[in-house]
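Going by the numbering used here, the first residue of the sequence shown is number 7, and it counts up by one from there.
Report on the structure given below.
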Amino acid sequence: MEPELPLLGLSDHPALAFLNTAATAESAELIPDGAGFVRWLELTGLIDEQDRAAVLDHFSADELDAAALEAVALRERLRPVVRAWADGDPAAPDEPFLAALNAVFATSGHNRQVVGSGADLDLEDRWTWTTPQSLLAPAAEAAADLFVHGDRSLVRNCEGPECPLWFYDRTKAHRRRWCSMATCGNRAKVRDFRARATKDVQ
Numbered sequence: 007m008e009p010e011l012p013l014l015g016l017s018d019h020p021a022l023a024f025l026n027t028a029a030t031a032e033s034a035e036l037i038p039d040g041a042g043f044v045r046w047l048e049l050t051g052l053i054d055e056q057d058r059a060a061v062l063d064h065f066s067a068d069e070l071d072a073a074a075l076e077a078v079a080l081r082e083r084l085r086p087v088v089r090a091w092a093d094g095d096p097a098a099p100d101e102p103f104l105a106a107l108n109a110v111f112a113t114s115g116h117n118r119q120v121v122g123s124g125a126d127l128d129l130e131d132r133w134t135w136t137t138p139q140s141l142l143a144p145a146a147e148a149a150a151d152l153f154v155h156g157d158r159s160l161v162r163n164c165e166g167p168e169c170p171l172w173f174y175d176r177t178k179a180h181r182r183r184w185c186s187m188a189t190c191g192n193r194a195k196v197r198d199f200r201a202r203a204t205k206d207v208q
């Protein structure tokens, strides 16, 4: 499963990483079932090891599989909204989509806990896993964070032909064009080289 790990870091925002879980020519579906969804949430940093253990202990495999199907449905509903938002549509996200996010939030919540011991204490917000559907809340929160705090001009679809991957351009000059220079970027260089070589021959 290690080949999945590089893909997770390409997006630079968890909401875009969520979009990038869909199967591509380069990778398999990253939310194939409930266990896969929980693993993706942990690898992306949306839940931690304690959350993963609590979820796996609290819900059955069938319940997690059902939550994964709902997560995929939310992902595919999110995709055109992100595209419209990144393209500058002032109506995106629209009220029905925001209502869908708020419905997800209603199934879950956070509770604040003091963790540590002695002088080494901290306050942490912990997820409350009340239903299998509450597993969608971390992804929904990532989407909400993108729309509330993100800069739509920095949300990009890779320029690679037929590449469906999205990323948040955090480069200093904001000129990032590819999901990865090692894949789509390198392919573009090869195409440009071949085009120049063909032109020189002519």
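Beta carbons are placed, not taken as given, at the ideal position from N, Cα and C, and that holds for glycine.
No experiment lies behind these values; they were computed from the predicted model shown.
Reduced DSSP secondary structure (H/G/I, E/B, other) of residue i
{"i": "R209", "result": "Beyond the ends of the chain as shown, which are 7 and 208, falls residue 209; an answer cannot be given."}
{"i": "E130", "result": "strand"}
{"i": "S114", "result": "coil"}
{"i": "S186", "result": "coil"}
{"i": "S33", "result": "coil"}
{"i": "S210", "result": "Residue 210 lies beyond the stretch modelled for the chain, which goes from 7 to 208, so this question has no answer here."}
Sequence-distant residues of its chain with Cβ nearer than 6 Å to residue i (five each side left out)
{"i": "A74", "result": "I37, D39, G40 and F43"}
{"i": "A213", "result": "Given a span of 7 to 208 for the chain in the structure shown, any question on residue 213 remains unanswerable."}
Contact belief for residue i with residue j at Cβ below 8 Å, rounded distance in angstroms
{"i": "P138", "j": "L70", "result": "6 Å"}
{"i": "V87", "j": "F103", "result": "5 Å"}
{"i": "D126", "j": "R118", "result": "The pair is not a contact, with the Cβ atoms about 17 Å apart (cut-off 8 Å)."}
{"i": "E165", "j": "W184", "result": "6 Å"}
Burial state of residue i, where buried means 16 or more other Cβ atoms lie within 10 Å
{"i": "H19", "result": "buried"}
{"i": "P99", "result": "buried"}
{"i": "T177", "result": "exposed"}
{"i": "R81", "result": "buried"}
{"i": "L16", "result": "buried"}
{"i": "G94", "result": "exposed"}
{"i": "A112", "result": "exposed"}
{"i": "S159", "result": "exposed"}
Sequence-distant residues of the same chain with beta carbon closer than 8 Å to residue i, five excluded per side
{"i": "I53", "result": "V44, L47, V61, W133 and P144"}
{"i": "R89", "result": "N163"}
{"i": "E8", "result": "Residue placement at E8 is poorly supported in this model, since its pLDDT is 41, which falls under 50; the coordinates still yield a value, given next. Here the set comprises nothing."}
Spatial neighbours of residue i in its chain, beta-carbon cut-off 7 Å, leaving aside the 5 residues before and after
{"i": "F153", "result": "W91 and P99"}
Just list the alpha helix (DSSP H) runs in the segment 39-107, keeping only unbroken ones of 4 residues or longer that don't cross its boundaries, in chain order. 40-50, 55-64 and 67-92
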